[in-house]
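Visitor: From first to last, the protein sequence lines stand for chains A and B.
Every letter in the first sequence is one number past the one before it in my numbering, and letter 10, counting from 1, is 10.
Basically my numbering = 1-based index in the second sequence + 1000.
Sharing a structure below in structure tokens format, with a few things to ask.
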Amino acid sequence: AQTVTQSQPEMSVQEAETVTLSCTYDTSENNYYLFWYKQPPSRQMILVIRQEAYKQQNATENRFSVNFQKAAKSFSLKISDSQLGDTAMYFCAFMNRDDKIIFGKGTRLHILP
Amino acid sequence: DTGVSQDPRHKITKRGQNVTFRCDPISEHNRLYWYRQTLGQGPEFLTYFQNEAQLEKSRLLSDRFSAERPKGSFSTLEIQRTEQGDSAMYLCASSSYTSGSHQETQYFGPGTRLLVL
Chain A
1 AQTVTQSQPE MSVQEAETVT LSCTYDTSEN NYYLFWYKQP PSRQMILVIR
51 QEAYKQQNAT ENRFSVNFQK AAKSFSLKIS DSQLGDTAMY FCAFMNRDDK
101 IIFGKGTRLH ILP
Chain B
1001 DTGVSQDPRH KITKRGQNVT FRCDPISEHN RLYWYRQTLG QGPEFLTYFQ
1051 NEAQLEKSRL LSDRFSAERP KGSFSTLEIQ RTEQGDSAMY LCASSSYTSG
1101 SHQETQYFGP GTRLLVL
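Next comes the structure, spelled out in structure tokens:
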């Protein structure tokens, strides 16, 4: 069975700093998708970034980038120039060909002014 | 594009009552998913539909739970004889699936927060 592990339950960084959220996963499959979703307090879950496992190039979306290490089954999220609005719960997630998303337990990120 | 919507946003009920939630997906999306999220946890998959067909149900979905998508558009999730352990956020997501193509991103609704007293 696939699993997703986020080892950092909570993190705090100062505004404008760079922060990296860790994620590891376990699967025997070769083709799959990885995501980072953001869930702000009392607001809905939104997609931050997506990575297809067959792509070697790391995905980037503005201030958000990932470090995808397929052999190590690692998928970390880097947030550059962090902003107060980045404060949220961040979920690492895995999806295989079954089209079900398996989420980690999340990392609560606080951006401090 | 109005996004995925869910109704109600909050529901408080007494143990033993039945509740029904509704999800309206993004209009062109043919797949619709239900997840449950308990406090401090990530969402867990419950079930999903492609058009009106229910393709898979999780073991988490006991026989007190039933989901429908009768016309392949909106979906309802009903919980019968609610228990305190059913208290959670129920999330709906939708995606556009085409056979043979890459998997499409799932877009989530705001959720329905259920509290069973």
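All C-beta atoms, glycine included, are put in the ideal place defined by N, C-alpha and C.
What does Q1084 of chain B reach in chain A if we use C-beta pairs closer than 7 angstroms?
Guide: The contacting residues do not exist; Q1084 of chain B stays about 22 angstroms from chain A at best.
Visitor: Starting from G1109 of chain B, find everything on chain A with Cβ-Cβ shorter than 8 angstroms and list it in chain order.
Guide: Q44
Visitor: Could you check whether the segment 1005–1016 of chain B touches the segment 15–31 of chain A, counting it as contact only if at least three pairs of C-beta atoms, one from each stretch, sit closer than 8 angstroms?
Guide: no
Visitor: Scan the segment 45–76 of chain A for residues whose Cβ lies nearer than 8 angstroms to a Cβ of chain B and list them as they occur along the chain.
Guide: M45, I46, L47, R50, E52
Visitor: For G1111 of chain B versus Q1037 of chain B, is the C-beta spacing smaller than 9 angstroms?
Guide: yes
Visitor: Skipping 5 residues on each side, what residues in its chain have a beta carbon closer than 8 angstroms to that of A93 of chain A?
Guide: V4, L34, F35, W36, Y37, I101, I102, F103, G104
Visitor: Which whole-angstrom value is the C-beta distance of Y32 of chain A and A53 of chain A, which I expect to be below 8 angstroms?
Guide: Confirmed, Cβ separation roughly 5 angstroms.
Visitor: For a test of the three-state rule: what should DSSP assign to Q1084 of chain B, helix, strand or coil?
Guide: helix
Visitor: Roughly how many angstroms separate the alpha carbons of N30 of chain A and R97 of chain A, rounded to a whole number?
Guide: Straight-line Cα distance between these residues: approximately 10 angstroms.
Visitor: How close, in whole Å, do the beta carbons of T1076 of chain B and A1067 of chain B come, if the pair is a contact with beta carbons under 8 angstroms?
Guide: 7 angstroms
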